[in-house]
Amino acid sequence: MPTTTELATSIMKRIGVLDPRENPSANDAADVIAVMNSVYETEKELGRFNWTLTSIPTRYREWFYTYVGFFVQPRFGVQTVTADDAMFAMRKMSALNEQKQDPRSSPVTDY
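Start counting the sequence shown at 903; every next residue gets the next number (the working numbering).
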């Protein structure tokens, strides 16, 4: 599972303030982590997230990066994620949250 710094790095890459091979400064990572924690706690209290921040299921990650990126980008003076993008990401995460997950690791086939 990714650490909070790895999540922050992915979010910064999503909004275009880091190159693919670049790592954030400690201050930039701390700023993103603070916003990410705030967004996460708010959404968790509303019942939208049923996982811990450091155990985000893979199927949620890209949408989470986009959603949090919307709230982070003003700190870096960029506008790459629109409000529509953020709302679409939240709707996708909500839809994924409502889907039942098969706890078995192998796919089920009905023959």
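Ideal Cβ placement from N, Cα and C applies to all residues, glycine included.
Determine the closest residue to residue i out of the options, with distance taken between C-alpha atoms.
i: TRP965; options: GLU947, MET903, SER912 and ARG923; result: SER912
i: VAL934; options: GLY971, TRP953 and SER957; result: GLY971
i: ASN939; options: SER927, THR907, ARG961 and PRO922; result: THR907
i: ARG923; options: ASN929, PRO976 and LYS915; result: LYS915
i: PRO976; options: VAL919, LEU948 and ALA928; result: VAL919
i: ASP930; options: GLU943, PHE978 and GLU945; result: PHE978
i: TYR942; options: TYR969, ARG993 and ALA997; result: TYR969
In whole angstroms, give me the CA-to-CA distance for residue i and residue j.
i: VAL937; j: VAL974; result: 7 Å
i: ALA991; j: ALA932; result: 23 Å
i: ARG950; j: ALA988; result: 14 Å
i: SER927; j: ASP921; result: 13 Å
i: PRO959; j: ASP986; result: 23 Å
i: ASN1097; j: THR905; result: Lying before the first or after the last residue shown, residue 1097 is absent from the chain, which here runs from 903 to 1013.
Tell me whether residue i, by its Cβ, gets closer than 7 Å to a heavy atom of the ligand GTP.
i: VAL974; result: No copy of the ligand GTP occurs in the structure displayed, which carries no ligand at all.
Since I believe residue j is in contact with residue i (beta carbons under 8 Å), could you give me their beta-carbon distance rounded to a whole number of angstroms?
i: TYR962; j: MET995; result: 6 Å
In the DSSP assignment, find the unbroken alpha helix (DSSP H) run with residue i in it and report its ends.
i: ARG923; result: Per DSSP, ARG923 belongs to no alpha helix (DSSP H) and is neither H nor E.
i: GLY971; result: 960-974
i: LEU909; result: 906-916
i: SER996; result: 985-1000
>> Under 8 Å, with one C-beta from each stretch per pair, do the region 947-954 and the region 975-988 reach the 3-pair mark?
In response: no
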